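All remarks here apply to the structure that follows.
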Amino acid sequence: EPEVTQTPSHQVTQMGQEVILRCVPISNHLYFYWYRQILGQKVEFLVSFYNNEISEKSEIFDDQFSVERPDGSNFTLKIRSTKLEDSAMYFCASQTGGAVAEAFFGQGTRLTVV
Amino acid sequence: GESVGLHLPTLSVQEGDNSIINCAYSNSASDYFIWYKQESGKGPQFIIDIRSNMDKRQGQRVTVLLNKTVKHLSLQIAATQPGDSAVYSCYNKLIFGAGTRLAVHP
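So the protein lines, in turn, are chains A and B. Position 2 of the first sequence, counted from 1, bears residue number 2 in our numbering, the numbering being contiguous throughout. Position 84 of the second sequence, counted from 1, bears residue number 1084 in our numbering, the numbering being contiguous throughout.
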């Protein structure tokens, strides 16, 4: 069964450092998403990406965040200068269609900022 | 504001019982809802979806009910099993509800 894969599973980084989280969405999917989940809290939407551009983003997705689809398979989330409060699980998701389709989620990357 | 919200943080049931998990939504919600299951340390997993032109949809051991009059969505799990223990969240228009933690006791 096709699945969304994320690497690494766990990333530890020092405050102020740049970090790139990587995702390989399901191959025929067109819509891509990043979510985060701070420990003990709900999953929060960060950004959606379609046709090589951001289609929606939340208030959390400020200038420190950027996304890229550098080739036909990878979808990345970059945090330019990490803060302690960026520590969370980051989930990538992809889906075939737009508003009426399920999103398939990866297993997440646990980011720990120290 | 957010389109979906929390009802109860935790639900404890005995194995074999039926479970009902609830979610409220606001006027800003779109016409497509999903229930996701999230086990500890894992990503959300699709369980069942429903469009607003339906009141009820059934899957294997799961049923979703949509009451548009009171803007309420529920997930019913029949014959709950220990493997059903997880956080269940409703999802609409990119937003997850806070979720209900289902604990199944043998």
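Beta carbons: idealized from backbone N, C-alpha and C, even for Gly. Quick caveat: nothing in here was measured; it's all calculated off a predicted structure.
Where residue i meets chain A, residues with beta-carbon distance less than 8 Å
i       : result
B/S1089 : K42, V43
Chain B residues whose Cβ lies nearer than 9 Å to that of residue i
i      : result
A/F61  : None at all; the shortest Cβ gap to chain B is about 12 Å.
A/F91  : G1043, P1044
A/G106 : G1043
A/V100 : S1030, D1031, Y1032, D1049, R1051
Cross-chain neighbours of residue i in chain B, by beta carbon under 8 Å
i      : result
A/S48  : L1094
A/V113 : Under the 8 Å cutoff, chain B gives no residues; its nearest Cβ is about 19 Å from A/V113.
Anticipated Cβ contact below 8 Å, residue i with residue j, distance rounded
i       : j       : result
A/V113  : A/T7    : 18 Å between Cβ atoms; not a contact.
B/A1086 : B/L1102 : 6 Å
B/V1064 : B/I1077 : In fact, because the Cβ distance is near 10 Å, the residues do not count as touching under 8 Å.
A/T96   : A/N28   : 7 Å
A/L111  : A/L21   : 7 Å
Nearest-angstrom Cα separation, counted from residue j out to residue i
i       : j       : result
A/Q116  : A/L84   : The question about residue 116 of chain A has no answer here: the residues shown for chain A are numbered 1 through 114.
B/I1050 : B/F1033 : 5 Å
B/N1018 : B/S1089 : 17 Å
A/S55   : B/G1016 : 44 Å
B/D1084 : B/I1095 : 23 Å
B/G1099 : B/P1009 : 7 Å
B/K1042 : A/R36   : 12 Å
A/F45   : A/F91   : 9 Å
A/S94   : B/Q1045 : 12 Å
A/D71   : A/S48   : 17 Å
B/L1006 : B/L1066 : Low per-residue confidence applies at B/L1006: pLDDT is 47, beneath 50, and the placement is therefore not dependable, though the value from the model is reported in the following sentence. In a straight line, the C-alpha of B/L1006 is about 15 Å away from that of B/L1066.
A/V19   : A/K78   : 6 Å
A/G106  : A/M15   : 25 Å
A/S73   : A/A103  : 17 Å
B/I1048 : B/G1059 : 7 Å
A/W34   : A/T82   : 16 Å
A/A101  : A/C23   : 20 Å
B/A1024 : A/I26   : 31 Å
B/A1029 : A/K42   : 18 Å
B/G1001 : B/S1026 : Its pLDDT being 45, under 50, B/G1001 is placed unreliably by the model, and the measurement read from it follows with that caveat. Cα-Cα distance, rounded: 8 Å.
A/Q75   : B/K1071 : The amino acid occupying residue 75 of chain A in the given sequence is Phe; Gln does not appear at that position. Cα-Cα distance, rounded: 35 Å.
B/P1082 : A/D63   : 43 Å
A/F65   : A/R80   : 6 Å
B/V1104 : A/L39   : 22 Å
A/H10   : A/E1    : 24 Å
A/S87   : A/G108  : 13 Å
B/Q1014 : B/R1057 : 24 Å
A/V4    : B/D1055 : 31 Å
B/S1040 : B/K1068 : 32 Å
A/F61   : A/V67   : 10 Å
B/W1035 : B/N1092 : 9 Å
A/F32   : A/E59   : 18 Å
A/E53   : B/S1012 : 43 Å
Contact list for residue i against chain A, beta-carbon separation under 7 Å
i       : result
B/A1029 : By Cβ distance, chain A contributes nothing, its closest Cβ being about 12 Å from B/A1029, past 7 Å.
B/Y1025 : In chain order: nothing, as chain A lies at least about 15 Å away.
B/A1098 : K42
ask   = Along the chain, which unbroken stretches of the beta strand (DSSP E) at least 3 residues long are found entirely within the segment 1013-1101 of chain B?
value = 1019-1025, 1032-1038, 1045-1051, 1056-1058, 1062-1067, 1072-1077, 1086-1092
ask   = Got a sec: which bits of the segment 52-82 of chain A sit with their beta carbon under 9 Å from any beta carbon on chain B, in order along the chain?
value = E56, S58
message = Any C-beta of chain A within less than 7 Å: which residues of the segment 1054-1076 of chain B qualify?
response = none
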